[in-house]
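Engineer: This is the structure I have questions about; it appears just below.
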Amino acid sequence: MGSRIEHRGEFDGSLDHVFTAVAGEEALRARLAALGGDDAKLLAYTAEGDSVRYELQHGIKAAKLPQAVRALHKGDIIVRRTQTWKRSGDEYTGRSDVGVGGVPGEIGASTYLTPKGGKVVFRTTGEVVVRIPLFGGRIEEFVSEQVVNLLRREDEFTAQWLAEHA
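Quick note on the working numbering: the sequence shown kicks off at 902 and runs consecutively.
In structure tokens:
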């Protein structure tokens, strides 16, 4: 059993404007430069009609990892994140899948951008699964906390992006 991820952010602006701030190529590149860590890259980006798919790479130096993770994984960690979005009526729905190089496990989440009460709500619900006997649960909890912290920082970046690009 994995550790749950639950996150909710709210933004001012139209659905399309918020979507561009969350999933537009220019905004993604700027967000990676600000928050992506070491060796951050936009590996792929495809937009077709009402659908977008992109792959991001985040790097985490070994020195920034907790001791329990360093004991199981030597060296830096490369995180690969694939996100898909599709317009569905008056909202965008998506899927985020994350793999961590050298760690047996994954992160999967459903994502939603929905207009509500004059704002746009960005929801993420998912799960972190790490298949390491004895230590997996503790690592899952740590990773889920880090994912939620990253989502909060990404929300702050998105709000700033929206304010600067209104």
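The beta carbon of each residue, even a glycine, is placed where N, CA and C say it ideally should be.
From a predicted model like this one, the values you see are computed outputs, not experimental measurements.
Might you give, ordered along the chain, the residues of its own chain that have their beta carbon closer than 8 Å to the beta carbon of alanine 945, omitting 5 neighbours on each side?
Structural biologist: Only Arg954, Tyr955 and Glu956 meet the Cβ criterion.
Engineer: Between which two residues does the alpha helix (DSSP H) containing aspartate 917 stretch?
Structural biologist: From DSSP, the alpha helix (DSSP H) with aspartate 917 extends over 916-924.
Engineer: Along the chain, which unbroken stretches of the alpha helix (DSSP H) at least 4 residues long are found entirely within the stretch 944-979?
Structural biologist: As far as the stretch 944-979 is concerned, its whole alpha helix (DSSP H) runs of at least 4 residues are 968-973.
Engineer: Going straight from the alpha carbon of aspartate 998 to that of alanine 924, what length do you get?
Structural biologist: Cα to Cα, the separation comes out at about 15 Å.
Engineer: Find out if the Cβ-Cβ distance for the pair threonine 1026, glutamate 911 is shorter than 8 Å.
Structural biologist: Cβ distance not < 8 Å, so threonine 1026 and glutamate 911 don't count as in contact.
Engineer: Can you give the beta carbon distance from leucine 1051 to valine 919, rounded, assuming they're within the 8 Å contact cut?
Structural biologist: Actually they do not touch by this definition, with Cβ atoms about 18 Å apart.
Engineer: Going by the DSSP bridge assignment, what does valine 1021 pair with across the sheet?
Structural biologist: Valine 1021 pairs with Phe912 and Pro1016.
Engineer: Can you tell which of Lys987, Gly1003 and Glu1065 has the C-alpha that lies nearest to the C-alpha of isoleucine 1033?
Structural biologist: Measuring from the Cα of isoleucine 1033, the nearest candidate turns out to be Gly1003.
Engineer: CA-CA distance, valine 1146 and glycine 1006?
Structural biologist: The question about residue 1146 has no answer, for the chain in this structure spans 902 to 1067.
Engineer: Starting from glycine 1002 and walking both ways along the alpha helix (DSSP H), at which residues does that stretch end?
Structural biologist: Unbroken run through glycine 1002: none, as it is neither H nor E.
Engineer: On the three-state DSSP scale, how would you describe arginine 1032?
Structural biologist: Residue state, collapsed to three classes: coil.
Engineer: Grab me the residues of arginine 982's own chain with a C-beta within less than 6 Å of its C-beta, minus the 5 sequence neighbours each way, in chain order.
Structural biologist: Excluding residues within five positions, the ones whose Cβ falls inside 6 Å are Leu957 and Val999.
Engineer: Determine the DSSP secondary structure at glycine 995, reduced to helix, strand or coil.
Structural biologist: Glycine 995 falls in the strand class under three-state DSSP.
Engineer: Does DSSP classify glycine 938 as helix, strand or coil?
Structural biologist: Strand, per DSSP.
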